[in-house]
Amino acid sequence: MLTKAALVNAALDQSIPLARPLKIHEAMRYSLLAGGKRVRPVLCLAACEMVGGDQSLALPMACATEMVHTMSLIHDDLPDLEYIHIHKTARLLEAAVVCGAILGGADDESVEKVRRYALRVGLLFQVVDDILDAGKDLASDKATYPKLLGLDGARRFAAELVGQACEELAGFDPVKAAPLYHFANYIATRQN
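In this note's numbering, each number is its position in the sequence shown, counted from 1, plus 11.
So this is what it looks like as C-alpha coordinates:
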(Lines of atoms letter the chains of each structure in order from A and count residues from 1; the text may use other names and numbers.)
(Lines give C-alpha, C1' and ligand atoms only; values in the text may rest on other atoms or scores of the structure.)
Protein backbone atom coordinates (compact mmCIF):
# COMPACT_ATOMS: atom_id res chain seq x y z
CA MET A 1 0.00 0.00 0.00
CA LEU A 2 2.84 2.41 0.82
CA THR A 3 4.46 1.74 -2.56
CA LYS A 4 1.18 2.54 -4.31
CA ALA A 5 0.76 5.73 -2.26
CA ALA A 6 4.29 6.84 -3.22
CA LEU A 7 3.50 6.14 -6.88
CA VAL A 8 0.34 8.25 -6.61
CA ASN A 9 2.22 11.07 -4.87
CA ALA A 10 4.81 11.17 -7.67
CA ALA A 11 2.10 11.19 -10.35
CA LEU A 12 0.18 13.95 -8.55
CA ASP A 13 3.36 16.00 -8.29
CA GLN A 14 3.86 15.71 -12.05
CA SER A 15 0.21 16.44 -12.83
CA ILE A 16 0.29 19.99 -11.47
CA PRO A 17 3.57 21.59 -12.58
CA LEU A 18 4.77 24.95 -11.33
CA ALA A 19 3.69 26.91 -14.39
CA ARG A 20 1.91 30.12 -15.23
CA PRO A 21 -0.18 31.44 -13.65
CA LEU A 22 2.20 30.66 -10.81
CA LYS A 23 -0.05 31.65 -7.86
CA ILE A 24 -2.86 29.37 -9.02
CA HIS A 25 -0.55 26.42 -9.58
CA GLU A 26 1.12 26.99 -6.20
CA ALA A 27 -2.29 26.98 -4.49
CA MET A 28 -3.34 23.82 -6.34
CA ARG A 29 -0.10 22.07 -5.43
CA TYR A 30 -0.37 23.18 -1.80
CA SER A 31 -3.84 21.65 -1.47
CA LEU A 32 -3.21 18.51 -3.49
CA LEU A 33 0.26 17.65 -2.19
CA ALA A 34 -0.32 18.53 1.48
CA GLY A 35 -0.22 14.85 2.43
CA GLY A 36 -2.78 12.25 3.30
CA LYS A 37 -3.14 8.50 3.13
CA ARG A 38 -4.21 8.47 -0.55
CA VAL A 39 -6.80 5.82 0.31
CA ARG A 40 -9.02 6.28 -2.75
CA PRO A 41 -6.27 6.25 -5.38
CA VAL A 42 -4.52 3.31 -3.71
CA LEU A 43 -7.79 1.35 -3.74
CA CYS A 44 -8.27 2.29 -7.41
CA LEU A 45 -4.87 0.79 -8.24
CA ALA A 46 -5.48 -2.25 -6.02
CA ALA A 47 -8.84 -2.96 -7.69
CA CYS A 48 -7.22 -2.73 -11.11
CA GLU A 49 -4.58 -5.27 -10.11
CA MET A 50 -7.09 -7.50 -8.34
CA VAL A 51 -8.97 -8.10 -11.60
CA GLY A 52 -5.76 -8.75 -13.54
CA GLY A 53 -4.89 -5.30 -14.87
CA ASP A 54 -1.66 -3.36 -14.63
CA GLN A 55 -1.86 -0.49 -12.16
CA SER A 56 -0.35 1.91 -14.70
CA LEU A 57 -3.67 1.70 -16.58
CA ALA A 58 -5.50 3.11 -13.56
CA LEU A 59 -2.94 5.69 -12.41
CA PRO A 60 -4.54 8.67 -14.21
CA MET A 61 -7.93 7.75 -12.73
CA ALA A 62 -6.39 7.27 -9.30
CA CYS A 63 -4.96 10.80 -9.50
CA ALA A 64 -8.29 12.21 -10.69
CA THR A 65 -10.03 10.56 -7.75
CA GLU A 66 -7.60 12.18 -5.32
CA MET A 67 -8.11 15.55 -7.00
CA VAL A 68 -11.88 15.28 -6.59
CA HIS A 69 -11.43 14.23 -2.94
CA THR A 70 -9.13 17.21 -2.31
CA MET A 71 -11.66 19.55 -3.90
CA SER A 72 -14.38 18.12 -1.68
CA LEU A 73 -12.28 18.89 1.40
CA ILE A 74 -11.72 22.47 0.27
CA HIS A 75 -15.43 23.01 -0.36
CA ASP A 76 -16.63 20.93 2.60
CA ASP A 77 -18.06 23.85 4.53
CA LEU A 78 -20.42 25.12 1.86
CA PRO A 79 -24.01 24.57 3.12
CA ASP A 80 -25.51 24.25 -0.37
CA LEU A 81 -23.54 21.04 -0.85
CA GLU A 82 -24.94 19.23 2.21
CA TYR A 83 -26.53 16.44 0.12
CA ILE A 84 -23.18 15.76 -1.52
CA HIS A 85 -21.36 15.78 1.83
CA ILE A 86 -23.68 13.13 3.25
CA HIS A 87 -23.02 10.74 0.36
CA LYS A 88 -19.48 11.60 -0.71
CA THR A 89 -17.53 9.10 1.41
CA ALA A 90 -19.25 6.02 0.02
CA ARG A 91 -19.70 7.32 -3.52
CA LEU A 92 -16.15 8.55 -4.01
CA LEU A 93 -14.81 5.28 -2.64
CA GLU A 94 -17.16 3.43 -4.99
CA ALA A 95 -16.01 5.49 -7.98
CA ALA A 96 -12.34 4.85 -7.23
CA VAL A 97 -12.70 1.09 -6.81
CA VAL A 98 -15.14 0.57 -9.69
CA CYS A 99 -13.05 2.64 -12.10
CA GLY A 100 -9.96 0.69 -11.10
CA ALA A 101 -11.75 -2.59 -11.81
CA ILE A 102 -13.09 -1.38 -15.16
CA LEU A 103 -9.67 -0.10 -16.24
CA GLY A 104 -8.20 -3.45 -15.19
CA GLY A 105 -10.53 -5.23 -17.62
CA ALA A 106 -13.09 -6.66 -15.17
CA ASP A 107 -16.24 -8.24 -16.55
CA ASP A 108 -19.65 -6.87 -15.53
CA GLU A 109 -20.14 -9.39 -12.72
CA SER A 110 -16.77 -8.54 -11.18
CA VAL A 111 -17.48 -4.81 -11.46
CA GLU A 112 -20.75 -5.31 -9.57
CA LYS A 113 -18.99 -7.29 -6.83
CA VAL A 114 -16.42 -4.52 -6.50
CA ARG A 115 -19.21 -1.91 -6.44
CA ARG A 116 -21.02 -3.72 -3.62
CA TYR A 117 -17.74 -4.06 -1.72
CA ALA A 118 -17.07 -0.33 -2.01
CA LEU A 119 -20.58 0.72 -0.99
CA ARG A 120 -20.44 -1.49 2.10
CA VAL A 121 -17.00 -0.19 3.05
CA GLY A 122 -18.15 3.40 2.50
CA LEU A 123 -21.15 2.82 4.76
CA LEU A 124 -18.90 1.00 7.24
CA PHE A 125 -16.69 4.09 7.36
CA GLN A 126 -19.71 6.23 8.29
CA VAL A 127 -20.98 3.78 10.92
CA VAL A 128 -17.55 3.54 12.57
CA ASP A 129 -17.18 7.32 12.39
CA ASP A 130 -20.52 7.66 14.17
CA ILE A 131 -19.45 5.12 16.82
CA LEU A 132 -16.20 6.99 17.44
CA ASP A 133 -18.07 10.31 17.73
CA ALA A 134 -21.01 8.86 19.72
CA GLY A 135 -20.68 11.09 22.79
CA LYS A 136 -20.15 14.28 20.81
CA ASP A 137 -22.97 13.56 18.34
CA LEU A 138 -25.41 12.62 21.09
CA ALA A 139 -24.89 16.00 22.73
CA SER A 140 -25.64 17.76 19.43
CA ASP A 141 -28.73 15.57 18.78
CA LYS A 142 -27.45 14.39 15.38
CA ALA A 143 -29.11 11.43 13.67
CA THR A 144 -26.38 8.79 13.82
CA TYR A 145 -26.18 5.00 13.76
CA PRO A 146 -25.60 4.74 17.54
CA LYS A 147 -28.60 7.00 18.14
CA LEU A 148 -30.80 4.92 15.80
CA LEU A 149 -29.49 1.43 16.68
CA GLY A 150 -27.83 1.95 20.05
CA LEU A 151 -24.08 1.67 20.46
CA ASP A 152 -24.09 -2.15 20.54
CA GLY A 153 -26.46 -2.29 17.57
CA ALA A 154 -24.20 0.05 15.59
CA ARG A 155 -21.20 -2.14 16.41
CA ARG A 156 -23.09 -5.25 15.25
CA PHE A 157 -24.09 -3.45 12.04
CA ALA A 158 -20.43 -2.50 11.44
CA ALA A 159 -19.42 -6.15 11.89
CA GLU A 160 -22.10 -7.22 9.38
CA LEU A 161 -20.90 -4.64 6.86
CA VAL A 162 -17.25 -5.69 7.04
CA GLY A 163 -18.31 -9.33 6.63
CA GLN A 164 -20.51 -8.51 3.64
CA ALA A 165 -17.77 -6.39 2.04
CA CYS A 166 -15.23 -9.18 2.37
CA GLU A 167 -17.74 -11.74 1.00
CA GLU A 168 -17.88 -9.71 -2.23
CA LEU A 169 -14.15 -10.36 -2.71
CA ALA A 170 -14.47 -14.14 -2.26
CA GLY A 171 -14.25 -14.98 -5.98
CA PHE A 172 -11.02 -13.06 -6.55
CA ASP A 173 -7.43 -14.24 -6.10
CA PRO A 174 -6.89 -13.81 -2.33
CA VAL A 175 -3.36 -12.48 -2.79
CA LYS A 176 -4.50 -9.82 -5.26
CA ALA A 177 -7.56 -9.00 -3.15
CA ALA A 178 -5.52 -8.69 0.08
CA PRO A 179 -5.25 -4.86 -0.03
CA LEU A 180 -9.03 -4.55 -0.25
CA TYR A 181 -9.58 -7.10 2.55
CA HIS A 182 -7.03 -5.25 4.65
CA PHE A 183 -8.70 -1.89 4.05
CA ALA A 184 -12.16 -3.15 5.06
CA ASN A 185 -10.76 -4.63 8.27
CA TYR A 186 -8.76 -1.48 8.97
CA ILE A 187 -11.91 0.67 8.69
CA ALA A 188 -13.82 -1.71 10.98
CA THR A 189 -11.17 -1.55 13.71
CA ARG A 190 -9.92 2.04 13.44
CA GLN A 191 -9.82 4.09 16.61
CA ASN A 192 -9.81 7.60 15.12
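Even glycine gets a Cβ: it sits at the ideal position worked out from N, Cα and C.
Under 9 Å between C-beta atoms of residue i and residue j
{"i": "L13", "j": "L191", "result": "no"}
{"i": "R51", "j": "T76", "result": "yes"}
{"i": "A45", "j": "A107", "result": "no"}
{"i": "V186", "j": "G116", "result": "no"}
{"i": "Q66", "j": "L29", "result": "no"}
{"i": "S151", "j": "C74", "result": "no"}
{"i": "D184", "j": "A165", "result": "no"}
Option nearest residue i by Cα separation, candidates the options
{"i": "Q204", "options": "K187, A145 and R127", "result": "Any property of residue 204 remains undetermined from this structure, which presents the chain solely from 12 to 203."}
{"i": "R131", "options": "P71, S151 and L103", "result": "L103"}
{"i": "T200", "options": "P157, F136 and E105", "result": "F136"}
{"i": "K48", "options": "H80, L172 and G146", "result": "H80"}
{"i": "G133", "options": "I85, C74 and A169", "result": "A169"}
{"i": "Q202", "options": "Q25, D144 and A181", "result": "D144"}
{"i": "A101", "options": "L172, D24, A165 and F183", "result": "L172"}
{"i": "L114", "options": "A22, P71 and N196", "result": "P71"}
{"i": "L43", "options": "A58, R31 and L23", "result": "L23"}
{"i": "E178", "options": "S121, E60 and I35", "result": "S121"}
{"i": "C110", "options": "V139, L56 and S83", "result": "L56"}
{"i": "I204", "options": "G64, R167, A38 and E105", "result": "In the structure as shown, the chain begins at 12 and stops at 203. Residue 204 is therefore absent and cannot be evaluated."}
{"i": "Y197", "options": "V139, K153, G182 and T155", "result": "V139"}
{"i": "G64", "options": "A188, A154, F194 and K147", "result": "A188"}
{"i": "A69", "options": "Y156, K15, K153 and A154", "result": "K15"}
{"i": "N20", "options": "I35, D119, M78 and G182", "result": "M78"}
{"i": "D118", "options": "S83, G182 and Y156", "result": "G182"}
(message) Assess contact between the region 154-174 and the region 117-126, defined as three or more Cβ pairs (one per stretch) separated by less than 8 Å. Is contact present?
(response) no
(request) Tell me the start and end of each unbroken alpha helix (DSSP H) in the region 123-168 that is at least 4 residues and wholly inside, in chain order. (result) 145-150
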